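Residue numbers (my numbering): 1 to 568. By construction, the Cβ of each residue, glycine as well, lies at the ideal position given by its N, Cα and C atoms. Please read all numbers here as calculations on a predicted model, not as lab measurements. What follows is a single structure, written as C-alpha cells, with notes after it.
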C-alpha cells in the first residue's frame, strides 16, 4: 500500500511542475517578446527614439542672382526675417501660436489667414518679412514661445523693376513640391530658369529636449547656392527705353544682328515686381492692376498680338518676287477704290505708276492689291509662315503666344481676304517679338536667327532658302521709306543711314471721324515701325509697337528714332 507521505510529496511535485511550466511559458513569451522588440523591431524603434530627441531644420539655399550683359545685377537677394513654428500640429505649438497672436496684436483676419497656411510639416511658415520691432518682441519672449523660432531668410530684390519686371518676373517664398519653403519663380526669367536659380537645400540636425529646446547640433549639411544667370539684355538701354515709353502703351525690341542677341525688350506699362516678391501688395493695388485697361501685368512683347499693318507689305513683296513678279514691273495706283469702293489707298488721289521699290517707300495699298490679285492669298500666307509668323518664336519666357494666320484647315481662297491680308489687315495678328524677328530676317537677307534672353543660351542660324536678291529689293524700298522725301518713315531719319517700314493697323473704320483725337483710346489705330541700321552693314534692328498709338509714321517712327540714337 502506497505511503500517504510519498503520495503527498508526489502531488506537490506535480503542482510545482505545472506551475513551473506556466512560469517557464511566461518567461519564454517575455523573452520572445523582448527579442522581437530588440532584434526585429530594433531599427524602427531606434528611428522613433531619434525622432523624439532630434529635430531637422531645412536650410534654404541662396538663390542665384540675375545679371545683365554688363554685369549689372538685375535680380538679387535681400534680408528677411520669417516666423517659423516647429511641429505646428502639436498642443505645445498651438499654445505658442495663440501667444504669438496676442503678442503681435494680429487681427482676426490675419490669424485665420495664418492658420489656413499651416501644413502638417516639420516646420510651418507663419509670417514672413517681419519688421524689426516684431523680431525684437518675439526674441524678448522666446522662452515662453515653445516651438517658435525666427528664421533669417533671403527674398528677391529687383533694383530695376521700373524697366525689367516683365523680363525678370518675380520669385516669392512658397511651398515647393516637397513642402519646403523657398523662393519660387512665378513669372519671367525667374520662372523659366527656376531649377537652375534655386540651388539645393541643406539640413541642420539638432538634439532637443522634451520641450523642443535645442541642446546641441548633431549634423550639418550646408545648402548649395543656385546658379547665377547672365542675360543678353543691356539694363542701361532698357532703362532709357522705359523713359521714352513713359506715357505710352506697347512694346519695343532691340536686336543685335551681329551677336544674335536681344539687347532690350520692353513692355509698357510696367509693374512693381518688388511688391510681389515681398508680398507687400495691398488688396487695393492688386485690384488696380487687374482693372487697368492697359494691362500692366501683361508682357505685350510676347503675349499681345496686333495686326502688322503696312509692315506686312514687305512679306507681300517677297511673295511677289518668289512667284515671278519683276521688281521693275509697275502697277497703277489711281484715285478711287480698287475693284469698287471698298479697297482704297491711304493716298486718296493715288500714287500713279509705281515699281516695287517705290511702292514700299510710299506704302502704296493699290500696288499690293495688284500683287495679291496675281499671287493669291495662299502664297502670301505661305511666305508669312516661312518668315516665322503664325508660330511661336520660342523665347525663353513663359506666356508667349503664336499669333494668327489664315489657317489651312479653314482656308477658302477669297480675293477680298487676299486684299486685306496683303496690307496686314484681316485674319492676321502678330506679337511685337514676331515682327522683330521678321525685320531681323529681312535685315540679314533671309537668315533666321534664334531669340533668347539667356546670354549663353542655344544659338542657331539658318538660311530660309530665299534668293538674296529678293532682299536687296526690299532693302532699297525700306531705305526709300526712311530717306526719300516722299517716304512714310522719314521721321526716323538719323545720323546713321537707316532702313525701315511703318505700319498703321486699323482697329475700326473712321470714315466719319474728322479728328482722330476724339476717338476713345481703345478704338484708335495701332502705330508700328520696324527697321535696321546701318543700311550698308546692318548691326541693329528695332521694332516699336504703340498700342492705340495713332499712326506709324507720325507716332511710332519718332519713338524708333530716339531708340536708334541710343545705339550710337
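Exposure of residue i, with buried meaning 16 or more beta-carbon neighbours within 10 Å
i, result
"residue 254", "buried"
"residue 100", "buried"
"residue 485", "exposed"
"residue 68", "buried"
"residue 290", "exposed"
"residue 548", "buried"
"residue 190", "buried"
"residue 214", "exposed"
"residue 525", "buried"
"residue 293", "exposed"
"residue 458", "exposed"
"residue 491", "buried"
"residue 479", "buried"
"residue 257", "buried"
"residue 183", "buried"
"residue 269", "buried"
"residue 570", "Any question about residue 570 goes unanswered here, given that the chain covers just 1 to 568."
"residue 188", "buried"
"residue 522", "exposed"
"residue 555", "buried"
"residue 98", "exposed"
"residue 23", "exposed"
Rounded separation between residue i and residue j - CA only
i, j, result
"residue 233", "residue 437", "16 Å"
"residue 186", "residue 197", "13 Å"
"residue 405", "residue 288", "34 Å"
"residue 261", "residue 384", "23 Å"
"residue 159", "residue 466", "45 Å"
"residue 588", "residue 444", "Only positions 1 to 568 of the chain appear in this structure, which leaves residue 588 out of reach."
"residue 493", "residue 561", "7 Å"
"residue 132", "residue 141", "15 Å"
"residue 353", "residue 276", "58 Å"
"residue 338", "residue 372", "12 Å"
"residue 423", "residue 227", "47 Å"
"residue 539", "residue 112", "58 Å"
"residue 114", "residue 107", "11 Å"
"residue 134", "residue 32", "57 Å"
"residue 409", "residue 418", "Annotation note: pLDDT 45 at residue 409 (below 50); position unreliable, no value reported."
"residue 489", "residue 314", "14 Å"
"residue 163", "residue 240", "9 Å"
"residue 559", "residue 130", "44 Å"
"residue 222", "residue 201", "8 Å"
"residue 224", "residue 209", "29 Å"
"residue 25", "residue 35", "15 Å"
"residue 514", "residue 250", "At residue 514 the pLDDT is 48, less than 50, meaning the model places this residue with poor confidence; the figure from the coordinates comes in the next sentence. If you take the alpha carbons of residue 514 and residue 250, they lie about 25 Å apart."
"residue 387", "residue 351", "29 Å"
"residue 565", "residue 247", "19 Å"
"residue 169", "residue 400", "14 Å"
"residue 476", "residue 192", "40 Å"
"residue 334", "residue 349", "6 Å"
Whether residue i touches residue j by CB criterion (8 Å)
i, j, result
"residue 104", "residue 137", "yes"
"residue 82", "residue 128", "yes"
"residue 533", "residue 474", "no"
"residue 365", "residue 344", "yes"
"residue 204", "residue 57", "yes"
"residue 505", "residue 535", "no"
"residue 60", "residue 194", "no"
"residue 66", "residue 297", "no"
"residue 301", "residue 265", "yes"
"residue 551", "residue 440", "no"
"residue 362", "residue 319", "no"
"residue 389", "residue 434", "yes"
"residue 53", "residue 207", "yes"
beta-carbon residue i near the ligand FMN non-hydrogen atom, thresh 7 Å
i, result
"residue 39", "The ligand content of the structure shown is nil, which means the ligand FMN is not present either."
Is the region 167-178 in contact with the region 306-318, if contact means three or more CB pairs nearer than 8 Å?
No, the region 167-178 is not in contact with the region 306-318.
Beta strand (DSSP E) segments (min. 3 residues) lying fully within the region 313-350:
Assignment of beta strand (DSSP E) within the region 313-350, counting only whole runs of 3 or more residues, yields 331-333 in chain order.
Is it a yes or a no for the region 122-129 touching the region 64-77, going by three-plus beta-carbon pairs under 8 Å?
With a cut-off of 8 Å on Cβ pairs, the region 122-129 is not in contact with the region 64-77, counting fewer than three such pairs.
Length-filtered (4 minimum) alpha helix (DSSP H) runs lying within the region 173-252:
Here the runs fully enclosed are 188-192, 194-198, 235-244.
The region 433-448 contacting the region 280-288, beta-carbon criterion three pairs below 8 Å
Too few Cβ pairs lie closer than 8 Å, so no.
Completely contained beta strand (DSSP E) runs for the region 431-509, where each covers 3 or more residues:
Correct list: 447-449, 461-463, 499-505.
Does the pairing of the region 293-305 with the region 427-434 give three or more beta-carbon distances under 8 Å?
Contact annotation: the region 293-305 touches the region 427-434, with at least three C-beta pairs closer than 8 Å.
Any contact of the region 143-151 with the region 82-91, i.e. 3+ C-beta pairs under 8 Å?
The region 143-151 is in contact with the region 82-91.
Quick one: any contact between the region 350-358 and the region 325-333, if contact means 3 or more CB pairs under 8 Å?
Note that the region 350-358 touches the region 325-333; at least 3 beta-carbon pairs, one per stretch, sit closer than 8 Å.
If you scan the region 68-144 from start to end, which runs of the alpha helix (DSSP H) of 4 or more residues do you find wholly inside it?
Counting only runs of 4+ residues, the alpha helix (DSSP H) found wholly inside the region 68-144 occupies 91-104, 108-117, 132-140, in chain order.
Would the region 387-400 count as touching the region 451-460 if we require 3 or more Cβ pairs under 8 Å?
Touching, per the Cβ criterion.
Which runs of the beta strand (DSSP E) fall wholly inside the region 343-391 and span at least 3 residues, in chain order?
List check, beta strand (DSSP E) in window: 352-354.
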